[in-house]
Amino acid sequence: MYECGDLRKGLKIAIDGAPYVIVQFEFSKPGKGQALYKCKLKNMLNGSQFDRTFRSGDKFNEANLEEQEMEYLYADGDGFCFMNNSTYEQEFLTKEQIGDSVELLKENTVCTVLCFEGNPIGVTLPNFIELKVAETEPWVKGDTASGSTKPATLETGYSLQVPPFIEKGEVLKIDTRTGEYVERVKG
């Protein structure tokens, strides 16, 4: 059970049986009367956001969330199949539940799946993932302008900017938090 004094950005609480995360938080104490806690809440099931003000003394339940290690197996139409590595049960998530991570998702990648009351609601990829370059322009010898980059398309269809020396078929390390190139993986 949380109280208003526990509220902070990133805290996950349950309101009316649904999980919410606090996106913004502001504390104010008027001259007289109770302290006010202004929060912007995001519904973790459907992504809707709204503002709500709480007064000191309000109590909140902790959201019944758990994280499970699951391996991404395959995409089937609009569904993405993940297998729980300990029970071998399979769960399907939608593209909306996966979010922007879908562009970096590669088969057999072990991810952290966030579950609310046993049902999956979101996916977190590992911080770094290795993907092969499917297509990029050839490197022009002598093109050594500092800071120059060129576009590349990876095996998952994700496009990003890479240094000019990167060639088709090379494996790159990508930061999944920013979606940016980190380094070449030596093969």
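What the sequence shown shows, in my numbering, is residues 5 to 191, in sequence order. In this text, a Cβ means the ideal position worked out from N, Cα and C, and glycines have one as well.
- The beta carbons of residue 164 and residue 183 sit about 6 Å from each other, so the pair counts as a contact at 8 Å.
- Ranked by how close their Cα comes to the Cα of residue 54, the residues 13, 27, 127 and 178 have 27 in first place.
- In terms of CA proximity to residue 30, 11 leads the group 11, 38, 22 and 17.
- In terms of Cβ geometry, residue 118 and residue 69 form a close pair [threshold 8 Å].
- Residue 71 is not a Cβ neighbour of residue 113, given a cutoff of 8 Å.
- By the neighbour-count criterion, in which 16 or more other beta carbons inside 10 Å mark a residue as buried, residue 98 falls on the exposed side.
- Residue 36 and residue 19 have their alpha carbons spaced roughly 28 Å apart.
- In this structure, residue 189 sits near residue 177, with a CB-CB distance shorter than 8 Å.
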